[in-house]
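The structure appears right after this line, and notes come after that.
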Amino acid sequence: MKHLRSLAFFVCGISLAAVMIRSGIAVAQTTPSSPPLHLIRSQCQSIRSTLQRIQHNDALLRVNAGQAYNTISTNLIAKLNSRLALAQIDSSRMVMIARDYEEARKAFAQQYNEYESNLTALVRTDCTDKPGEFYAQLIKTRDARRQVSESVTTMSKLAADYRVAVEQLKVKLSSGGSRG
Numbered sequence: 538m539k540h541l542r543s544l545a546f547f548v549c550g551i552s553l554a555a556v557m558i559r560s561g562i563a564v565a566q567t568t569p570s571s572p573p574l575h576l577i578r579s580q581c582q583s584i585r586s587t588l589q590r591i592q593h594n595d596a597l598l599r600v601n602a603g604q605a606y607n608t609i610s611t612n613l614i615a616k617l618n619s620r621l622a623l624a625q626i627d628s629s630r631m632v633m634i635a636r637d638y639e640e641a642r643k644a645f646a647q648q649y650n651e652y653e654s655n656l657t658a659l660v661r662t663d664c665t666d667k668p669g670e671f672y673a674q675l676i677k678t679r680d681a682r683r684q685v686s687e688s689v690t691t692m693s694k695l696a697a698d699y700r701v702a703v704e705q706l707k708v709k710l711s712s713g714g715s716r717g
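Numbering (the numbering used here), first residue to last: 538 to 717.
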């Protein structure tokens, strides 16, 4: 019974973390077909100010999301998989999901670093004197942000898949199966 209660808390934790993370990170935007250089030049200060706010907010989100992803991986998934292995309970599906989650977590970190570098370069680009260069960097930054968004979606899906696997294991254990 104690084992089932731990599983239930784990499932709730994974679900809550996945929802919190998914709602707070990168949403990809569409790009116009031709660069609006005159608008970039005329609205340069406003654009730069907005980008600096985005940069600041995204940095905070990155820290919080990174900590949450690490917690899910090390404190929840890895520990549960270890306990199941020690108890000789078949958790091969959960181990595969954990491996994929860890790969996605590493990809997220790498993709976010690339996005952050692109955003920094964008903020530093002079949009008044070099609107074409600014626009090209904007496109690169949007692509990098889209990749971050896709990583977040992948991790959220894997966390949900893991939750389902935990619930299925919980049902199996409740009915007395799945040893060895």
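In this text, a Cβ means the ideal position worked out from N, Cα and C, and glycines have one as well.
Since the structure is predicted, the reported quantities are computational estimates derived from the model, not experimental observations.
Self-check item: Range covered by the alpha helix (DSSP H) that runs through glutamine 674
Solution: Locating residue 674 in the sequence shown gives position 137, where the first residue counts as 1. Looking at the DSSP string, the run of the alpha helix (DSSP H) that includes glutamine 674 is 668 to 711.
Quiz item: In whole angstroms, what is the alpha-carbon distance linking threonine 505 and serine 688?
Solution: Residue 505 lies beyond the stretch modelled for the chain, which goes from 538 to 717, so this question has no answer here.
Quiz prompt | Span separating the alpha-carbon of glutamate 653 from that of glutamine 625 | solution = As a first step, residue 653 is located in the sequence shown; it is residue number 116 there, counting from the start. As a first step, residue 625 is located in the sequence shown; it is residue number 88 there, counting from the start. Their Cα atoms are separated by approximately 43 Å.
Quiz item: Looking only at its own chain, which residues have a Cβ that is under 8 Å from the Cβ of glutamine 684, when we skip the five neighbours before and after it?
Solution: Numbered from 1 along the sequence shown, position 147 holds the residue referred to as residue 684. Around glutamine 684: Gln648, Glu651 and Tyr652.
Practice problem: Would you check if the region 696 to 711 and the region 626 to 637 touch, i.e. whether three or more CB-CB distances between them fall below 8 Å? | Solution: yes
Exercise. Measure the CB-CB distance between threonine 690 and leucine 656 and report whether it falls below 7 Å.
Key: Here residue 690 is taken as the residue at index 153 of the sequence shown, counted from 1. Here residue 656 is taken as the residue at index 119 of the sequence shown, counted from 1. No; because the gap between Cβ atoms is not below 7 Å, this pair is not in contact.
Quiz item: Do you know how far the Cα of phenylalanine 645 is from the Cα of arginine 599?
Solution: Residue numbering aside, residue 599 sits at position 62 when the sequence shown is read from its first letter. Residue numbering aside, residue 645 sits at position 108 when the sequence shown is read from its first letter. Approximately 10 Å, taken between the alpha carbons.
Practice problem: Report yes if the C-beta distance between isoleucine 577 and proline 668 is below 7 Å; otherwise report no. | Solution: Here residue 577 corresponds to residue number 40 of the sequence shown, with the count starting at 1. Here residue 668 corresponds to residue number 131 of the sequence shown, with the count starting at 1. In this structure, proline 668 lies closer than 7 Å to isoleucine 577 by Cβ.
Exercise. My understanding is that arginine 642 touches serine 610, with C-beta atoms under 8 Å, so please give their C-beta distance in whole angstroms.
Key: In the sequence shown, residue 642 corresponds to position 105, counting from 1. In the sequence shown, residue 610 corresponds to position 73, counting from 1. Confirmed, Cβ separation roughly 6 Å.
Practice problem: Identify which residue in Leu659, Ala681 and Arg682 has its Cα closest to the Cα of tyrosine 672. | Solution: In the sequence shown, the residue the question calls residue 672 occupies position 135. If we check each option's Cα against that of tyrosine 672, Leu659 comes out closest.
Exercise. Would you mind reading off the limits of the alpha helix (DSSP H) that contains serine 583?
Key: What you label residue 583 is simply residue 46 of the sequence shown in a count that begins at 1. 581 to 607 is the span of the alpha helix (DSSP H), which, as asked, contains serine 583.
Self-check item: 7 Å Cβ cutoff met for serine 741 and leucine 621
Solution: For residue 741 there is no data in the structure shown, the boundaries of the chain being 538 and 717.
Self-check item: Identity of the residue in Glu639, Asp663, Asp680 and Leu588 nearest asparagine 612 by Cα
Solution: Here residue 612 is taken as the residue at index 75 of the sequence shown, counted from 1. Nearest of Glu639, Asp663, Asp680 and Leu588 to asparagine 612, Cα basis: Glu639.
Quiz item: Mapping DSSP to helix, strand and coil, what is threonine 665?
Solution: Mapped onto the sequence shown, residue 665 falls at position 128. Threonine 665 falls in the coil class under three-state DSSP.
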